[in-house]
Amino acid sequence: MRQNVQSDADAKLRTALENMRYKACTEEDIAFLTSRIVSNDPKGPSLKDSKFRDVSIITAWNSQKDQINELGAQRFADDHGVELVSFYSEDKWADGNKNLNNGRLKKSKLSAHHQGSLSLEDQQVLWSLLPHTSDHFAAQLKLCVGMPVIIRNNDATELCITKGQEGIVAGWQFSMGSKGQQVLETLFVKLVNPPNDVQIEGLPPNVVPIAKTTRTVSVCLQDDSIVQVVREQVNILLNFGMTDYTAQGKTRPYNVVDLQHCNNHQSYYTCLSRSASAEGTAIMQSFDRRKITGGASGWLRQEYRALELLDEITLLRYNNELPGFVDGHRRNTLIDLYQQWKGNLHVPSRVSHHIKWTTNDPFHPDNNVDHLEWKIFDRKGFYEEKRKEEHSKFVPAKGSKPIETGSLSKRKADTDLKDNYTIKKTKIEQENPSSSGAMTGFKWDSVDYSCAYDSLFTILLNIWSSNPHRWNKHLKNFTVYFDLLLKGFQRSFQNVASLEEGRDAVRSRLNSYNVAKFPMGPTGTSVSELAHTMIGSDQDPVSWIRCVPCGAKVPTGRRFAHIYCPVVDHSISTAEWVAAKWANSEVHPCQCTQCDSFVSGQWQSDTPPKILIFDVANQEVSISHMIYLRGNKLNTKLHLKGIVYYKANHFTSIVVTAEGHIKFHDGMLSANLQDKGNPLRAVPPSDLSHWDGAQACLAVYARSF
23 MRQNVQSDAD AKLRTALENM RYKACTEEDI AFLTSRIVSN DPKGPSLKDS
73 KFRDVSIITA WNSQKDQINE LGAQRFADDH GVELVSFYSE DKWADGNKNL
123 NNGRLKKSKL SAHHQGSLSL EDQQVLWSLL PHTSDHFAAQ LKLCVGMPVI
173 IRNNDATELC ITKGQEGIVA GWQFSMGSKG QQVLETLFVK LVNPPNDVQI
223 EGLPPNVVPI AKTTRTVSVC LQDDSIVQVV REQVNILLNF GMTDYTAQGK
273 TRPYNVVDLQ HCNNHQSYYT CLSRSASAEG TAIMQSFDRR KITGGASGWL
323 RQEYRALELL DEITLLRYNN ELPGFVDGHR RNTLIDLYQQ WKGNLHVPSR
373 VSHHIKWTTN DPFHPDNNVD HLEWKIFDRK GFYEEKRKEE HSKFVPAKGS
423 KPIETGSLSK RKADTDLKDN YTIKKTKIEQ ENPSSSGAMT GFKWDSVDYS
473 CAYDSLFTIL LNIWSSNPHR WNKHLKNFTV YFDLLLKGFQ RSFQNVASLE
523 EGRDAVRSRL NSYNVAKFPM GPTGTSVSEL AHTMIGSDQD PVSWIRCVPC
573 GAKVPTGRRF AHIYCPVVDH SISTAEWVAA KWANSEVHPC QCTQCDSFVS
623 GQWQSDTPPK ILIFDVANQE VSISHMIYLR GNKLNTKLHL KGIVYYKANH
673 FTSIVVTAEG HIKFHDGMLS ANLQDKGNPL RAVPPSDLSH WDGAQACLAV
723 YARSF
């Protein structure tokens, strides 16, 4: 809103707009906006009022805007007792014209024509179409002197002939076209509230000439086929209606809006914030209150918060109050340095209460973005590397001699498949961090005790490193904390940062989320709480049971969780517990919606979990070497990948390698894993619940790719 004074109603409109910006309108805001809907109530706005009579209506759809302009033109002519004069475009087929529909030919009434002049029948079809079907370059303009119009192109910015500038028709010059139609040569428009007064010799003040221009436009016909036409026309439109996009940046003393088809609260805000006053605001019909209530999405709130901090940084720099080290050419860098200075919980005073962050609702921008170096793009080199990459995907048949396209020299006759195999094997080993050298885990932090994180993260690192590409795909979007951990794995693998730096980044984020559960310093952390928070439940796949009579999938209403806390009253293995858990032993079986049969049996899923964690603390559970999950087509095998143990206020872990060997990790002793000699198959499941006097807390299973 742009106001010089403010009434009580203006204050209510301003409050409603502020709340609307964050999709948080209150009942009071809704009541006020409802009072501005046009009606027969003498206290409310009415379109019969002269101040709203010729005001352009803001709407969301271009098709509605064109219809409003059609009706508005005829109503304007009737009100003023004048005749509308129709001016038509001069069209011809574009060179090489063809019907386009996403690159595919599609027949239409005009498809028999190729290029050059149009027949009168085809021209009349084009003239009958509304402007939104031809890139808003009108085929027909119905005008009269005094009619409101809007300029559609930046013809002369120094003369205020710019796109979006409003005006009224002052006169015209025309000629006769090839089909006997009237064609505008020049339209004279009197500008409405131009930024600067314009005086052209021989014309009244603020009257400018808009000359006919030529453009190639794509025209969408009534059968949805598209043709290309070269069109001559004055590039203006009637201004009884405009879209919310066009309305941006305008200040309107009298603002008439139609909110019915606005997509979201941002569109509502754009339309209504054009008003200079509440008294000058009129809403055409009822609106959907759900679009402006309920709160903005998390990502939008995150963006608003970042913008508020950047605004604060700009103000402090302008006032020379910003420290010199808060400097950078990327916004994430600036925000990170600013928060290091002020602290993560600092909120500028001008931030709206709708987006203020607190300890329970922290603001953590993604500051872990690698800084990329600028370089000149070598197109030739790019395609050469692309060719080599594609070529490397093929394995030549035994005894064949691949052709060297990048060199004129011939391939040596004694080069065989063995050399190619050696090269490929080396590449695979480089992509697999666990395939070379001693296996490494996390080193214990003696200041901020980290054994809970070290033990679990070392197992997850072993799983991820077996196939980083696939596990990045399967594990991403579990939680923001897990995504941050994966990023730490990747940065360590690329030698950009240490494993401990990635761990500390996750730990800091968790600490900001809940200080009590994830403290810093020598205070211990629950590894069970850590696992539940890292995994979350948003990605848990749904389960169903196959109906035997009709074969339909019957949803169980339950999910295959990625983490379980088994509760047992006798010794049982994890594999047996899973089988019993998913056997659907419910008192009331599920009912099929197709045949009304009651079904029971083993749960199934189209996407069974690829990683599964058992929270077995204080449970007499034998830890199975393998677990079977029944899927739609194949059973999924989950192999034991590691166990976290607890003893004397300290967590350790064992890791099971892809070859089935057991390695022990205690970050307090060493970051490297110690080989325990015996393979997993030699250790009974009942013995895995304890290790050197330590009690098992977590058992981690995962697929082997």
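The opening position of the sequence shown corresponds to residue 23 in the working numbering, with each subsequent residue numbered one higher. The C-beta atom is built at its ideal place from N, Cα and C for all residues, glycine as well. Every value quoted in this text rests on a predicted model; they were computed, and no experiment measured them.
When 663, 532, 183, 688 are compared, the shortest CA-CA separation from residue 231 is found for 183. Ranked by Cα distance from residue 81, the first of 303, 278, 662 is 278. Spatial neighbours of residue 314 in its own chain (CB-CB distance under 7 Å, excluding positions within 5 residues in sequence) are listed in chain order as 42, 45, 47, 287, 290. Classified as buried, residue 687 has 16 or more neighbouring CB atoms from the shown chains inside 10 Å of its CB. The C-beta separation of residue 631 from residue 651 comes to about 7 Å, placing the pair in contact by the 8 Å criterion.
The alpha carbon of residue 167 has as its nearest neighbour, out of 638, 98, 142, the alpha carbon of 98.
For residue 685, the secondary structure class from DSSP, reduced to helix, strand or coil, is strand.
Put simply, the backbone Cα of residue 668 is about 11 Å away from that of residue 640. Of the candidates 493, 205, 269, 269 places its Cα closest to the Cα of residue 83.
Per DSSP, residue 528 is one residue of the alpha helix (DSSP H) stretching across 521 to 535.
About 7 Å separates the CB atoms of residue 546 and residue 471; that is less than 8 Å, so the two are in contact. With distances taken between CA atoms, residue 71 lies nearest to 302 out of 197, 302, 155. Around the beta carbon of residue 321, a 10 Å sphere encloses fewer than 16 other beta carbons of the protein chains shown; the residue is thus reported as exposed. Inclusion of residue 207 and residue 197 in the CB contact set at 8 Å is warranted, their separation being smaller than that value.
For residue 491, the uninterrupted alpha helix (DSSP H) run begins and ends at 490 to 497, by DSSP. In this structure, residue 381 keeps its C-beta atom at 8 Å or more from the C-beta atom of residue 693. Within the segment 345 to 380, the runs of alpha helix (DSSP H) at least 4 residues long that lie entirely inside it are, in chain order, 353 to 364. With contacts defined as CB atoms closer than 8 Å, residue 347 and residue 359 qualify as a contacting pair. The beta carbons of residue 476 and residue 682 sit about 23 Å from each other, so the pair does not count as a contact at 8 Å. Looking at the DSSP output, residue 194 sits in a beta bridge with 209. Note on geometry: alpha-carbon atoms of residue 318 and residue 243 lie some 39 Å from one another. In the three-state DSSP reduction, residue 263 falls in the strand class (E or B).
DSSP lists 621 as the beta-bridge partner residues of residue 612. For residue 50, the enclosing alpha helix (DSSP H) starts and ends at 49 to 57.
Separation of residue 276 and residue 615 (C-alpha to C-alpha, rounded to the nearest whole angstrom) is 55 Å. In the DSSP assignment, residue 146 falls outside any beta strand (DSSP E) and lies within the alpha helix (DSSP H) extending over 142 to 149. When beta bridges are read from the DSSP output, residue 165 appears opposite 107. For the 8 Å CB-CB criterion, residue 621 and residue 576 form a contact. Within the same chain, 330, 331, 333, 334 come within 8 Å of residue 370 by CB-CB distance, once the 5 residues on both sides are set aside. With contacts defined by Cβ atoms closer than 8 Å, residue 214 and residue 190 form a contacting pair. Below 8 Å, too few C-beta pairs join the segment 533 to 550 and the segment 511 to 518 to call them touching: fewer than three. In this structure, the CA atom of residue 304 is about 12 Å from the CA atom of residue 54. As the crow flies, the alpha-carbon of residue 588 is around 19 Å from that of residue 716.
In this chain, the alpha helix (DSSP H) harbouring residue 72 covers 72 to 75.
In the three-state reduction of the DSSP assignment, residue 95 falls in the helix class, which pools H, G and I. Pairwise C-beta distances place the segment 250 to 266 out of contact with the segment 56 to 65, as fewer than three of them are shorter than 8 Å.
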